[in-house]
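First the structure, in the form of structure tokens, and then the observations on it.
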Amino acid sequence: MAGKNFYDILGLKKDVTDKEIKQAYRRLARKHHPDVNPGDKTAEAKFKEINAAYEVLSDKEKRQKYDKYGDKWQYADQFEQASRQQAQYQQYSPGGGSSFRFGGDTGGMDSLFDELFGGMRSRGSSRRPQSRRGQDMESSVEVTLEEAFSGTSRMINLQGEQPCAACNGTGQIQNLPCSACRGAGVISKINRLEVKIPAGVTTGSRVRISGKGQTGYGSGTSGDLYLNITVSPHLTFERQGDDLTTNVPVPLTVAVLGGEVQVPTPKGKLALKIPPETQNGRVFRLAGQGMPHLGKSTRGDLKAKVSVVVPTKLSEKEKELFRQLNELRPA
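Using this note's numbering, the first residue of the sequence shown is number 23, and each one after it goes up by one.
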């Protein structure tokens, strides 16, 4: 949320009370809630901003840090630790360090951040991170057959490492181990990411998302993210490659005399004409009604397998008619 003032997002001034913060949040949340604005991406983005602002400003400790450090409030502990380390350095190295201060206008936090960490790195750190590409990451994702048919998206949590912002990945501040990363140069972080899963995936598919792996070091590029796909079994359809097979119940009278039945497909039901004297187990192929070919505009086929349904709970009249039929066509 860098660059966006949380008070401005809620339409408030900095000296606002906790009660006024809550009132503003409730009013704006109702106005921009996704349920009130279905399909409105602008309202959805605004709703996320409102929640992010309220999460910070409604928490007394977070609000104090935000008021002091602006959009870098999350680094407050590192700022203060580094300030103490800088003071120690100046104590033992008279005239050897620059002076800096905290507080004041939070709009200048970018320059303060550079002055604090950038300046200290240029003077005191002998360890500089080599530029290298970030590592690739993997995540397992399970989708339904319907989602594999039309494509879908998922919110996933990725736990990985990224260069420490406090020491810029060096592991040191003024030749002292960085307190934020304990000298490792990297910190663990969980990122929540929305990923797109294309239509046509199957169990074993590996979807590559460029640049969403581990963050690179120095000027190195980020690694890639690979989604390992599993498609859950379906009650109606059996999948073979991009073809689907389904059993279609056909009444005995329709199988004998011919007629029409409804066949389920991933897109809905289709009418299928059954010719007279259709045998149990016969397979009808519906071209182009199967699964999409991954990365293509074509589809597999749907095989509709006839399952003749023998009537039950027959009346005496119906039984008599079957007896007459049996006399005409003895087994």
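For each residue, glycine too, the CB sits at the ideal point set by N, CA and C. Predicted model only: the values in this text are computed from it and were never measured.
The alpha-carbon of Gln157 is positioned some 25 Å away from that of Ile195. Straight through space, the alpha carbons of Ser232 and Gln311 are spaced by roughly 32 Å. If you check the CB distance, Pro220 and Gly173 come in under 8 Å. Only exposed fits Leu257, as fewer than 16 other CB atoms lie within 10 angstroms of its CB. Taken through DSSP and simplified to helix, strand or coil, Ser254 comes out as coil. As the crow flies, the alpha-carbon of Asp37 is around 13 Å from that of Lys90.
Looking from the CA of Leu32, the closest CA among Asn59, Pro56, Asp57, Val78 belongs to Val78.
Counted as a single uninterrupted DSSP element, the stretch harbouring Leu34 is not any alpha helix (DSSP H), since DSSP gives it neither H nor E.
Rounded to whole angstroms, the separation of the alpha carbons of Phe344 and Ser337 is 11 Å.
Taking 3 residues as the shortest admissible run, the region 145-220 contains the following complete beta strand (DSSP E) segments, listed from N- to C-terminal end: 159-165, 174-185, 208-219. Counting only residues of its own chain and dropping the five nearest sequence neighbours on each side, Glu66 has a CB closer than 6 Å to the CB of Pro56.
When the Cα atoms are used, Glu164 and Thr268 turn out to be separated by approximately 22 Å. Note: Phe306 is bridge-paired with Ala326 in the DSSP secondary-structure output.
Of the residues assessed, Asn190 falls on the buried side of the cut-off, its CB having 16 or more other CB atoms within 10 angstroms.
Taking every protein chain shown into account, the CB of Arg85 has 16 or more other CB atoms within 10 angstroms, so this residue is buried.
Listed as beta-bridge partners of Pro271 by DSSP are Ser329. Cβ-Cβ separation between Tyr97 and Ala206: approximately 17 Å, too far for a contact (criterion under 8 Å).
Per DSSP, the continuous alpha helix (DSSP H) segment holding Arg345 begins and ends at 338-350. Secondary structure note for Glu282: it is in no alpha helix (DSSP H), and the uninterrupted beta strand (DSSP E) holding it is 281-287. Relative to the Cα of Thr287, the nearest Cα in the group Pro352, Asp62, Pro314 belongs to Pro314. By the Cβ-count criterion, Gly222 is buried, with 16 or more other Cβ atoms from all chains shown falling within 10 Å of its own Cβ. In summary, Lys94 is buried, with 16 or more beta-carbon neighbours lying within 10 Å of its beta-carbon over all protein chains present.
The closest CA to that of Thr237, considering only Pro271, Val276, Gln284, Gln184, is found on Gln184. Glu282 and Lys325 have their C-alpha atoms roughly 16 Å apart.
Shown here for Leu308: same chain residues with a beta carbon closer than 8 Å to its own, the five before and five after excluded, namely Val285, Thr287, Leu292, Leu294, Asp323, Leu324, Lys325, Ala326 in chain order. For Pro273, the closest of Arg52, Phe259, Asn302, Pro255 by C-alpha to C-alpha distance is Asn302.
Annotated three-state conformation of Glu83 is helix, per DSSP.
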